[in-house]
Every structure is written in C-alpha cells, then in structure tokens.
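Residue 381 in this note's numbering sits at position 163 of the sequence shown, with consecutive numbering throughout.
Quick reminder that beta carbons are idealized off the backbone N, C-alpha and C, glycines included.
For clarity, every value in this text was computed on a predicted model and none was experimentally measured.
For reference, the structure discussed in these notes is given below.
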Amino acid sequence: MVYTPKKAFVIGVGSTKFDKPRGERDYDALGIEATVKALLDAGITYDAVELATVGYVYGDSTSGQRVLYTIGMTGIPILNVNNNCSTGSSAFVNSVQAIQSGQADCALALGFERMAPGSLSSPWTDRPSPIAGTFTQVLEIEDEKAYPTPEKGPSAARIFGAAGKEYCERYGATNEHMAKISAKNHQHSAKNPYSQFRFAPSWQEVLNARPITRELTLPMCSPTSDGGAAAIVASEEFVRKHKLEDRAIEIVGQAVATDSARLYNDHSRIELAGSDMARRASEKAYKQAGIGPNDVQVIELHDCFAPNELITYDALGLCKPGEAHHIVDKGDNTYGGKWVVNPSGGLESKGHPLGATGLGMIFYLTLQIRGEAGDLQVPNVRNALAHNLGLGGSCVVSILRKPAFYRAGSTTASRAGYDVAREVRRVTRTELDKVRAKQFSDYVPPAVEERARL
Numbered sequence: 219m220v221y222t223p224k225k226a227f228v229i230g231v232g233s234t235k236f237d238k239p240r241g242e243r244d245y246d247a248l249g250i251e252a253t254v255k256a257l258l259d260a261g262i263t264y265d266a267v268e269l270a271t272v273g274y275v276y277g278d279s280t281s282g283q284r285v286l287y288t289i290g291m292t293g294i295p296i297l298n299v300n301n302n303c304s305t306g307s308s309a310f311v312n313s314v315q316a317i318q319s320g321q322a323d324c325a326l327a328l329g330f331e332r333m334a335p336g337s338l339s340s341p342w343t344d345r346p347s348p349i350a351g352t353f354t355q356v357l358e359i360e361d362e363k364a365y366p367t368p369e370k371g372p373s374a375a376r377i378f379g380a381a382g383k384e385y386c387e388r389y390g391a392t393n394e395h396m397a398k399i400s401a402k403n404h405q406h407s408a409k410n411p412y413s414q415f416r417f418a419p420s421w422q423e424v425l426n427a428r429p430i431t432r433e434l435t436l437p438m439c440s441p442t443s444d445g446g447a448a449a450i451v452a453s454e455e456f457v458r459k460h461k462l463e464d465r466a467i468e469i470v471g472q473a474v475a476t477d478s479a480r481l482y483n484d485h486s487r488i489e490l491a492g493s494d495m496a497r498r499a500s501e502k503a504y505k506q507a508g509i510g511p512n513d514v515q516v517i518e519l520h521d522c523f524a525p526n527e528l529i530t531y532d533a534l535g536l537c538k539p540g541e542a543h544h545i546v547d548k549g550d551n552t553y554g555g556k557w558v559v560n561p562s563g564g565l566e567s568k569g570h571p572l573g574a575t576g577l578g579m580i581f582y583l584t585l586q587i588r589g590e591a592g593d594l595q596v597p598n599v600r601n602a603l604a605h606n607l608g609l610g611g612s613c614v615v616s617i618l619r620k621p622a623f624y625r626a627g628s629t630t631a632s633r634a635g636y637d638v639a640r641e642v643r644r645v646t647r648t649e650l651d652k653v654r655a656k657q658f659s660d661y662v663p664p665a666v667e668e669r670a671r672l
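So this is what it looks like as structure tokens:
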C-alpha cells in the first residue's frame with residue numbers, strides 16, 4: 219500500500235516588525251504578537267489548534283510553552299526546535315507534516331528571537347561549535363600560500379564571503395555582482411514597513427561601505443534582529459469546514475536536506491556554504507510540486523550575506539552552473555525580470571531573527587500568492603518558493619501555490635482592520651482576547667499584559 223500524504227494549507231500568517239535588538243520587548247511579546255496576528259488572519263481561536271511547533275535559537279528549554287500559555291493552556295503538544303538559521307522553517311515543516319500525516323487538522327508554527335547586538339556569537343564557551351569543522355575547512359583551503367593576507371571578521375561572514383570569492387574565481391563574477399544583489403535587496407525593503415533597514419544605497423555605495431571581511435561590506439551582511447512570525451496550517455477538511463477557501467494557500471512541495479559527504483570531499487568553499495543542501499532540497503520540492511524553476515515567479519532566499527544569494531541561484535536551478543552573475547546583469551532577480559528574489563528585502567535588509575526568519579518568508583509569500591502584498595506585490599504570482607538555510611547544517615525549501623478551490627473573499631486587511639502589507643501595528647488586548655482559547659477563558663496566566671507588552 220502506497221501512503222499518500224494529506225494536503226496541507228497555510229490559512230493564517232502573522233509577523234512582527236523585524237527590528238534592531240534594543241532589549242525593549244521580550245520574546246514573549248514577539249511570539250504572542252505573531253501568533254495573535256496569524257489567528258486573526260485565519261479567523262479562528264486557539265481552541266482549534268491541535269499541535270504547535272515553536273522555533274528559536276537563543277532561548278531556554280520550554281520557551282514556546284511560556285509564550286503560548288498566554289493564549290491558551292489547552293494541553294496540546296508544544297514542540298520546541300532549534301536548527302540554526304533554518305529554525306523557523308524547521309518549525310513550519312514539523313507542523314505541515316502533522317497535517318499531512320493526519321495527526322492534526324490544524325497546527326501552529328511559530329518562530330521568534332531576541333538577539334544580542336553585534337555579530338553572531340555563541341553563549342557556550344565549554345564546547346565546540348557545530349560549524350567548527352566547516353570553518354576549519356575554509357581555513358585549510360585558504361592557506362597562506364594562496365591568500366597571504368590573513369582574513370579577519372566574524373566566522374559566518376568569512377565562510378559565505380569565501381564561497382562568493384570561489385564563485386568569482388571560478389566563473390568570472392565580481393564583487394560588483396554581490397554589491398548589486400545587496401543594493402537590490404535594500405531597494406526592495408525600502409517599501410517594506412516590517413524591515414529593519416529601509417535605506418536604499420546604490421551598488422557603488424554598498425561596495426564602498428565599511429568593510430566587514432575581505433569580500434563583504436556592512437550592507438552585504440544581515441543584521442542581528444529581534445522579531446517573531448507565525449503560520450497556521452490546516453487540512454483541506456478544516457479549510458472547507460471553516461469556509462477558509464479565500465485564505466488557504468497550499469504547500470505543494472517541501473523538502474529538508476542536511477549536509478552530504480560533499481561538504482568535505484569536494485574541498486570547495488561553495489559547498490561549505492550549503493549549496494549541496496539547497497540543490498538537493500530544491501530538486502525534491504520541485505518534483506513534489508510538479509514544476510521547475512522557470513515556473514516560479516517569486517522567491518524568498520536565505521541571503522544571510524550577499525554572496526549566498528549569488529551562489530544559491532545555481533543551487534535552486536535558476537541558471538546553469540557558473541551563470542548566476544548573468545541573472546544579476548540582466549536584472550532577472552527583481553521587478554520586471556524573470557524572478558523577483560527577496561521582494562521583502564531579504565535577510566540583509568529585512569533582518570534575521572534566527573527563529574523567525576523562515577516563517578517570515580512564509581508570511582511574505584502567502585501575501586504574495588493571495589495578491590495582498592501591497593507595495594511589494596509581484597504581478598501574476600502562481601508559484602512561490604522559500605529557501606531557508608542553516609549551516610551545520612539544514613536547508614528547507616517550500617513551494618506554495620493557490621489551490622484549485624481558492625476563491626476571492628475576505629482579505630488580510632479586512633480581517634485585521636488595516637492594510638497589513640503597508641502598516642505594522644502591535645496587537646491589542648482586545649485582539650488577544652478575541653483569539654484566546656475560549657475553552658479555558660476563565661484562566662488568565664499571571665501578569666499576562668506585562669508578558670504580552672501590548
């Protein structure tokens with residue numbers, strides 16, 4: 219007997235603004251805001267949620283429970299996950315699989331992060347880093363004979379910068395191409411109220427900005443960020459029962475890949491930056507969706523550093539190996555081109571709160587497919603792809619599409635009472651009360667208003 223998974227649909231999405239870490243809001247507030255917004259978008263209360271997966275990297279044990287208990291202590295399974303920078307998408311995958319396997323008809327995926335200012339660093343000093351092997355390989359490849367000037371800068375930036383340098387050495391791309399990618403993303407985010415940065419430097423200004431590593435300047439690097447994002451996922455039976463045909467967006471392809479032996483055997487800086495994971499995950503997701511790269515119109519791509527967007531064009535099959543810089547030259551990565559890559563501004567400009575990043579991608583792509591993305595809207599979106607990468611390693615590729623039964627009806631703006639794509643608002647206590655579990659509405663956790671920071 220061949221097992222056929224059930225279809226899964228995104229029925230509600232929500233996001234906070236991704237912002238500079240200032241210590242103004244705790245993770246509780248970020249998680250509550252994203253979840254309340256997603257429930258409001260779906261038009262359901264927390265009573266309907268049968269399982270939740272919560273992703274965060276810099277947090278403590280059952281942080282997901284602390285956030286969600288404010289919305290309802292219903293006794294459902296709450297699973298906490300950490301998968302480096304792909305944590306948000308890993309939470310999303312777990313909730314999607316709960317629907318596909320029939321374990322639940324409605325599940326929540328939530329991601330949040332409250333980060334420390336400055337470059338990424340580990341709080342652990344008594345154990346090796348999970349990416350220590352990757353960084354060691356980069357140092358071995360870039361020995362003193364090949365690169366006599368010692369490289370400096372944060373380790374993650376050096377890994378991705380080295381991958382970009384190898385791409386340039388192999389195929390004739392230049393630092394200008396990486397600067398143009400960064401400038402393109404900043405120009406996109408100037409129209410995105412959820413973005414941490416909303417300035418739009420020229421590629422020349424990007425190239426001449428403060429250097430961070432040998433290849434990278436400051437605008438080419440994603441910042442540390444605070445933020446939260448959430449998605450409600452449901453079965454087709456749930457969608458039809460609750461008359462959500464005007465909200466539901468189908469997950470038609472989804473795959474997770476970890477590193478293969480190529481990571482070390484290929485002796486390649488490009489592979490050390492996760493290209494093989496992206497290659498294999500995207501191939502599997504395309505096959506599930508029954509499409510190819512040319513059938514996709516909009517992509518949210520994990521551009522933690524500008525070189526990663528360049529090398530990932532190859533990995534996602536957008537071009538033949540070695541031709542990614544031609545996409546940049548032709549403008550095929552922005553409005554009016556073949557694809558619009560990172561209309562949100564990407565990680566470089568929108569921000570990168572690790573646990574929320576992957577679910578932030580689902581937030582933006584859901585709005586794109588519904589035609590509700592406001593000033594960021596890409597024309598005639600049929601298929602949308604999210605690529606979320608974590609060194610160490612994990613890569614998640616998800617492909618979304620309108621289902622055949624989709625019909626126009628209510629919009630995200632009409633449900634929220636304002637234009638969600640063009641304005642960021644925090645949720646109110648009234649909105650929290652509207653979606654809190656009614657089954658246990660007589661119980662309010664201690665200091666709920668302080669925890670929610672509404």
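- When the beta-carbon positions are compared, P621 and E468 come within less than 8 angstroms of each other.
- Here R458 carries a helix assignment [DSSP, helix/strand/coil].
- In this structure the segment 558-567 lies against the segment 516-533, because at least three pairs of beta carbons, one per stretch, are closer than 8 angstroms.
- Counting along the chain, I294 sits inside no beta strand (DSSP E), nor does DSSP assign it H or E at all.
- Under the three-state reduction of DSSP output, G471 falls in the strand class.
- Contiguous beta strand (DSSP E) elements confined to the segment 476-531 occur at 516-519, taking only those with 3 or more residues.
- For N606, the beta-bridge partners assigned by DSSP are V614.
- Per the C-alpha coordinates, the member of D259, D278, E433, P239 positioned closest to S632 is D259.
- Here T431 is buried. Its C-beta has 16 or more other C-beta atoms within 10 Å.
- For K370, the closest of E331, F353, A591, C386 by C-alpha to C-alpha distance is F353.
- The C-beta of F310 has 16 or more other C-beta atoms within 10 Å across all chains shown, which makes the residue buried.
- F456 is classed as buried because its beta carbon has at least 16 other beta carbons within 10 Å across all chains shown.
- Around the beta-carbon of T552, 16 or more other beta-carbon atoms lie within 10 Å, marking it buried.
- Judged by DSSP in its simplified three-state form, P429 adopts strand.
- The segment 325-334 makes no contact with the segment 591-611, as fewer than three CB pairs between them are under 8 angstroms.
- Sixteen is the threshold: since fewer than 16 other Cβ atoms of the shown chains lie within 10 Å of the Cβ of S420, the residue is exposed.
- Beta-bridge partners assigned by DSSP to D444: D237.
- When Cβ pairs closer than 8 angstroms are counted between the two stretches, the segment 483-503 is seen to touch the segment 371-387, the count reaching three or more.
- Going by beta carbons, G241 and P441 fall outside the 8 angstroms limit.
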